[in-house]
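Residue numbers (the numbering used here): 4 to 63.
Don't be surprised by glycine CBs; every beta carbon is placed ideally from N, CA and C.
Working notes, structure below.
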């Protein structure tokens with residue numbers, strides 16, 4: 004079953020930087036989950052979805 008993440012129309016620049024660090028494996032999962040949503044708590048479900056999607060695909 005595919006995992007679909009709902010993305011904001013525009014992402015906060017700090018969250019975008021945190022996501023980039025995580026995707027390039029420069030930030031551990033726990034730190035990503037904590038830091039990604041700091042600028043906007045609405046990003047908590049998105050951060051959990053991103054982690055689930057990448058783990059399901061075996062990419063992280």
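As the crow flies, the alpha-carbon of residue 9 is around 7 Å from that of residue 49. By the 16-neighbour rule on beta-carbons within 10 angstroms, residue 6 is exposed. In its chain, beyond the 5 residues on either side, 6, 8 have a beta carbon closer than 8 Å to the beta carbon of residue 56.
Annotated as distal: residue 36 and residue 17, with beta-carbon spacing of 9 Å or more. Counting only residues of its own chain and dropping the five nearest sequence neighbours on each side, residue 21 has a CB closer than 6 Å to the CB of 38, 39.
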